[in-house]
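Residue numbers (the working numbering): 3 to 122.
Even for Gly, the Cβ is constructed at its ideal location relative to N, Cα and C.
Written below as structure tokens is the structure these notes are about.
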């Protein structure tokens, strides 16, 4: 059997630039918010965390998902593989954020009430 070697090389430069621009815009939004720190985002709390921190968490998870989608070529895989990779990672990230925020808030409350000293 002879293999057909006449496949034309497809240029992915448009795809690369699209991914670069999308990730750059998200990063630029994060940097601008980190520099400006709008008062309404700094003084508005949601689930014991400033709203600006929630925005950073969501944007970072969105970037991680898009990086997985683009650079691990998930858009070309079967639906089952995409779901197993993305849903598992998404669940673990959300779970980790929940645990960190819950435990961090508990430790902060205990230390703030003076039940335990900060010298550890």
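Only counting the same chain, and skipping five residues up and downstream in sequence, which positions put a Cβ closer than 6 Å to that of residue i?
i	result
residue 84	76
residue 42	none
Note down, in chain order, each residue of its chain lying with its Cβ closer than 8 Å to the Cβ of residue i, except the 5 sequence neighbours on either side.
i	result
residue 22	none
Between residue i and residue j, is the Cβ-Cβ spacing less than 8 Å?
i	j	result
residue 64	residue 28	yes
residue 24	residue 67	no
residue 96	residue 70	no
Kindly provide the ranges of any alpha helix (DSSP H) runs that are 4 or more residues long and lie completely inside the stretch 50 to 100, ordered along the chain.
Counting whole runs of 4 or more residues, the stretch 50 to 100 contains the alpha helix (DSSP H) stretches 53 to 73.
Could you say if the stretch 49 to 66 and the stretch 102 to 115 meet the contact criterion of at least three C-beta pairs nearer than 8 Å?
yes
Indicate whether the contact test is met: 3 or more Cβ pairs, each with one atom in the stretch 25 to 34 and one in the stretch 53 to 70, closer than 8 Å.
yes
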